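Right, one structure below, let's go through it.
Written out as structure tokens, the structure reads:
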């Protein structure tokens, strides 16, 4: 089979982060190719390069065997490449047909928009690929699954032979997923090539012919669907990485610090994301939460931090219930949180380093007097101290955090969250997107905190990280804790199996 | 001897520090300065095209605005309410809120101040005046509070609600001074406030009142609030990244309400200043659109309190100088609005300015 797309040695760096590192990728004609990896592994960046949204720093792209330069999406479209983004690019108040022909409208007398021709053209396209839509329906009134079909048709209308679907199932309810899959199969039958980006193993296994796994911007490997299984893919996706091993001592855990029982919470789409979650974290202990992303981890963190509504359940910190407290009061009680997305939730990018370092404690002594006046000198001294202690590489304390590299930004968050003598720390994806040096630094600091007596909840999609740092490991799958293991008594294989729902106790 | 050298060095260092601070300030204000300059340049072309001499016209404007005590008084009197409304817009904007209802907050604040001003007689000045000012601030704050609560509790967008509340304030106060509180005569206005509630004039015999001093104080307080207090810290955090602010334990709803209340209070105080300092009574619809001018002035001032004061004085200069220009040279008053619009246009086009500066060889 000839290749539809060949990408060779693609490298793309952003300040402080290598998003794609010498990636080779081949899409064969007429196949459905899964691009698998955790968030931040570099899937979307790679596909954005193919679609012309980004330009690679290094590397070559061949389409149908010809070397091409793709400098913008319209070039990609001319080459027969279409992309369906995670967030749809539709005009809600226009009809399906109008959306599909937008920019290439059929005309009457070279001037008037020919509505009838647009409708019949869209109807024909829809029939041909078995993608059922009503061309006259107004887009905002349609369910998400149908809107996605409109996006696919839009790409096909522009002559796409190669379709990139970016996390297409993340917006769908389960019933809609099956519809999408049959549409993809129909496209394959018509000879189209499809790239299916996802971090969900089950779906990739269900629909793809071949699968390429990315991790930290590198290709882990490309495998045939028939020659692999979910466990192997899980391991490729989250496992095996060379970091210097830490001295593994498990200090004796002390008294229980955080205890939760029967946690229930909804996600943003109002579906139950946490189903009776219960666990405890002790002093001198890191409890790792292992799981493929999207199994309730984000909701768990937000419920604990007090920024998502808890439907039912108990949360106790040092024996006292805190479920009724605000996020602010929980911080006062010694809860600390390193969020998964540092730029969106951890930092205020247009605040200076010192302003970011006091976030959460800005209204209390020594930084504020009577909850009103900021004591700038105290804040400066504090910032200088943390910049030294945590080796934050910044020109000075007044530099905007926006201008720092990814690794340095994470140091700011870690410095802030670890310096307040917290009793309990939540750490989510602490090393995502960081280079080796920054990763080791963050991991070392985390162990230091534990050795000081902190209770730590570590949430990571990276199984190596979980195994390297945790004292105990809880596996979360579809909103439930399906198993808890002593770190020394488990291994990747077992965890991988549990994470994919392969084995239930 | 040594002592002297060291002293002079110290003084030199101090001046150096002040100088470098001034330089950074000037550099930051470059786009605004260029915008003003560009507006006057284009204005000159318009003047030429309509058969007037720009030099004569601008000269008359400057002499009118600053040439004598009346001009100066008029200039700062015109600038005063706009300083208040610009600060009001700016403060809410720092919290990510678009308070376009400063007009209504100013009117309602002016009305409540007038109520207190006319209701009491025989109170000592040091009680009555602060009370009336406070009432003005409270009236404006209330007019900010209602949209804020609607936003925090129901998610109603503040652009719609603050604008609608401006109309409510306009017609409510209009009704009050047309019917229940109408002074004898045919003009819809209240009676004069008690002398004990009047803001004193600071440049007799002009209209310039202590309201101008108050405006400067409020500008200082705004800068202090934003930079030096937990309130300002939280307000800015919410404006820049609500998700991170929430993670950091900041109560977003409280912050939004607080920001709009403070914003409204500033505009309300501006209304009180007009009522107690200039008109000495509430006149139906006394604001020719101070609220809207405030929005433009806040943007021209680069969304910083000092800039807002300077930009408001520029507007005041155009207003008072414009009338003189019209008297002396016969240039129609409308050219003033052309100039105002041009300044706003230039400020709103930062990329154009940056391009012009680059072309001009400025280091950016």
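Residue numbers (the numbering used here), protein chains in the order written: chain R, 1 to 505; chain B, 1001 to 1364.
The beta carbon of each residue, even a glycine, is placed where N, CA and C say it ideally should be.
Given the structure is predicted, the values throughout are model-derived calculations rather than measurements.
In the DSSP assignment, find the beta strand (DSSP E) that holds residue i and state where it starts and stops.
i	result
residue 1207(B)	From DSSP, residue 1207(B) is part of no beta strand (DSSP E); its letter is neither H nor E.
residue 99(R)	Run containing residue 99(R): none in the beta strand (DSSP E); it sits in the alpha helix (DSSP H), 96-101.
residue 224(R)	218-224
residue 477(R)	472-477
residue 210(R)	210-215
residue 1037(B)	Run containing residue 1037(B): none in the beta strand (DSSP E); it sits in the alpha helix (DSSP H), 1030-1049.
residue 12(R)	3-14
residue 83(R)	81-84
residue 261(R)	256-266
residue 290(R)	285-290
residue 1197(B)	No beta strand (DSSP E) contains residue 1197(B), which DSSP labels as neither H nor E.
In terms of residues, what are the limits of the alpha helix (DSSP H) holding residue i?
i	result
residue 379(R)	376-389
residue 392(R)	From DSSP, residue 392(R) is part of no alpha helix (DSSP H); its letter is neither H nor E.
residue 1123(B)	Here residue 1123(B) belongs to no alpha helix (DSSP H), and DSSP marks it neither H nor E.
residue 1165(B)	1158-1178
residue 356(R)	353-357
residue 488(R)	That residue, residue 488(R), is in no alpha helix (DSSP H); it is neither H nor E in DSSP.
residue 126(R)	115-129
residue 74(R)	73-78
residue 147(R)	144-157
residue 1094(B)	1069-1094
residue 202(R)	201-207
residue 973(B)	Beyond the ends of chain B as shown, which are 1001 and 1364, falls residue 973(B); an answer cannot be given.
What is the rounded straight-line gap between the Cα of residue i and the Cα of residue j?
i	j	result
residue 24(R)	residue 9(R)	5 Å
residue 1278(B)	residue 1197(B)	12 Å
residue 1329(B)	residue 1306(B)	33 Å
residue 94(R)	residue 110(R)	22 Å
residue 400(R)	residue 394(R)	9 Å
residue 512(R)	residue 204(R)	Since the first and last residues shown for chain R are 1 and 505, residue 512(R) lies out of range.
residue 1152(B)	residue 1257(B)	7 Å
residue 1335(B)	residue 398(R)	44 Å
residue 171(R)	residue 279(R)	30 Å
residue 1093(B)	residue 1099(B)	7 Å
residue 1113(B)	residue 319(R)	54 Å
residue 232(R)	residue 294(R)	19 Å
residue 1097(B)	residue 1166(B)	16 Å
residue 37(R)	residue 417(R)	28 Å
residue 1091(B)	residue 21(R)	45 Å
residue 31(R)	residue 186(R)	12 Å
residue 1023(B)	residue 1219(B)	22 Å
Are residue i and residue j close, meaning C-beta to C-beta below 8 Å?
i	j	result
residue 1078(B)	residue 1287(B)	no
residue 197(R)	residue 50(R)	no
residue 287(R)	residue 458(R)	yes
residue 463(R)	residue 492(R)	yes
residue 496(R)	residue 206(R)	no
residue 424(R)	residue 317(R)	yes
residue 283(R)	residue 453(R)	yes
residue 1352(B)	residue 1039(B)	no
residue 1193(B)	residue 1276(B)	yes
residue 305(R)	residue 330(R)	yes
residue 1069(B)	residue 1206(B)	yes
residue 327(R)	residue 310(R)	no
residue 135(R)	residue 152(R)	no
residue 165(R)	residue 194(R)	yes
residue 338(R)	residue 426(R)	yes
residue 1228(B)	residue 373(R)	yes
Which whole-angstrom value is the C-beta distance of residue i and residue j, which I expect to be below 8 Å?
i	j	result
residue 1217(B)	residue 1208(B)	With a Cβ gap of about 15 Å, residue 1217(B) and residue 1208(B) do not count as contacting.
residue 404(R)	residue 382(R)	Actually they are not in contact, since the Cβ atoms of residue 404(R) and residue 382(R) sit about 18 Å apart, beyond 8 Å.
residue 228(R)	residue 33(R)	About 14 Å separates the two Cβ atoms, so there is no contact after all.
residue 45(R)	residue 67(R)	21 Å between Cβ atoms; not a contact.
residue 379(R)	residue 415(R)	In fact, because the Cβ distance is near 14 Å, the residues do not count as touching under 8 Å.
residue 344(R)	residue 1243(B)	6 Å
If you measure from the beta carbon of residue i to each beta carbon in chain C, is any gap under 8 Å?
i	result
residue 368(R)	Structure shown: chain C not included; protein chains present are R and B.
### Message
Please give me, in chain order, every unbroken run of the beta strand (DSSP E) with length at least 3 that falls completely inside the region 1308-1333 of chain B.
### Response
none
### Whole alpha helix (DSSP H) elements within the region 1210-1288 of chain B, 4-residue minimum
1211-1228, 1230-1240, 1242-1247 and 1252-1273
### Query
Which parts of the region 399-471 of chain R are runs of the beta strand (DSSP E), unbroken and 3 residues or longer, counting only runs that do not cross its ends?
424-428 and 455-460
### Task
Go through the region 15-68 of chain R residue by residue and report every complete run of the alpha helix (DSSP H) that reaches 4 residues or more, in order.
43-50
### Message
At 3 residues or longer, what runs of the beta strand (DSSP E) sit wholly inside the region 299-375 of chain R?
### Response
312-317 and 335-338
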